[in-house]
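Data first, discussion second: the structure below is written as structure tokens.
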């Protein structure tokens with residue numbers, strides 16, 4: 003088959019492929035722009051302004067980031083305080099329970115001694131009787 | 062300043078693509094090989110490619126945000142893909158008609174096609190790099 007007969011289908015494939023690729027790139031560009039805008043709204047610091055320069059914008063963006071960092075530190079500190087408080091309550095409870103256990107053991111020993119004494123008395127009475 | 066060479070090529074494509082798309086006479090090699098409707102499509106492809114590249118270059122330069130600039134670079138990328146295709150079609154036609162005697166124009170259009178595709182790949186790399194740095198920033 004001579005090359006000149008293949009030119010038309012090859013051209014069709016080439017152009018079709020090229021146009022489809024370009025169309026896909028345009029759609030992807032549009033969706034990425036929307037996604038980037040949504041992401042930027044959630045960004046703590048305005049990275050764009052830092053990139054684009056301008057000392058004021060950069061300082062403002064860093065200030066925002068600093069504020070966020072401070073808030074996070076405060077939040078973490080309060081969480082740590084709560085954890086400490088919970089830990090202290092647990093320690094106190096353990097001490098209380100240990101004390102109660104000690105008292106119970108003492109009482110148990112006393113009762114045991116009393117029971118031994120009563121047992122001895124019973125045995126003596128039986129021997130006399 | 063945007064790449065003046067790329068801008069010149071884009072303007073040339075736009076200016077020459079519109080009359081071809083409208084059915085005015087064009088390059089002999091293409092006319093003798095392709096049907097009229099396909100020649101018009103080729104012209105439209107060239108014109109659209111030129112337009113997209115020009116928009117991408119000029120508006121990208123004027124863009125005030127990184128997102129907008131990235132969007133315009135991608136517009137330019139789409140235009141370059143179309144220009145690469147159009148240039149490849151012309152190269153193929155000249156090669157078919159002229160054979161080895163047409164080595165110089167074939168080489169020129171081959172270089173144009175390849176440079177379009179290499180620039181497209183370069184833009185994809187830049188996009189990936191920016192996305193990676195964004196993801197890293199988001200994690201940190």
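Chains as they are written, first to last, in our numbering: chain A, 3 to 131; chain B, 62 to 201.
Just so it is clear, CB atoms sit at the ideal spot from N, CA and C, and this is done for glycine as well.
{"Query": "Stretch pair the stretch 131 to 149 of chain B + the stretch 162 to 179 of chain B: three plus CB contacts closer than 8 Å", "Result": "yes"}
{"Query": "Exposure of residue 105 of chain A, with buried meaning 16 or more beta-carbon neighbours within 10 Å", "Result": "exposed"}
{"Query": "Contact between the stretch 110 to 120 of chain B and the stretch 114 to 125 of chain A (3+ Cβ pairs under 8 Å)", "Result": "no"}
{"Query": "Within 9 Å, strictly: CB atoms of residue 9 of chain A and residue 157 of chain B", "Result": "yes"}
{"Query": "With 16 other Cβ atoms within 10 Å as the buried cut-off, status of residue 76 of chain A", "Result": "exposed"}
{"Query": "For residue 131 of chain B and residue 21 of chain A, believed in contact at Cβ under 8 Å, the rounded distance", "Result": "Residue 21 of chain A to residue 131 of chain B, Cβ: 23 Å. No contact."}
{"Query": "Spatial distance of residue 72 of chain B from residue 98 of chain B (CA atoms)", "Result": "23 Å"}
{"Query": "For residue 16 of chain A and residue 138 of chain B, the rounded distance between their alpha carbons", "Result": "17 Å"}
{"Query": "Neighbour flag for residue 71 of chain A against chain B, beta carbons, 9 Å", "Result": "no"}
{"Query": "Chain B residues whose Cβ lies nearer than 8 Å to that of residue 27 of chain A", "Result": "135, 138, 139 and 142"}
{"Query": "Length of the line joining the Cα atoms of residue 180 of chain B and residue 187 of chain B", "Result": "10 Å"}
{"Query": "Reduced DSSP secondary structure (H/G/I, E/B, other) of residue 67 of chain A", "Result": "helix"}
{"Query": "Where residue 106 of chain B falls, given that 16 or more other Cβ within 10 Å makes a residue buried", "Result": "buried"}
{"Query": "Within-9 Å CB hit, residue 31 of chain A to chain B", "Result": "yes"}
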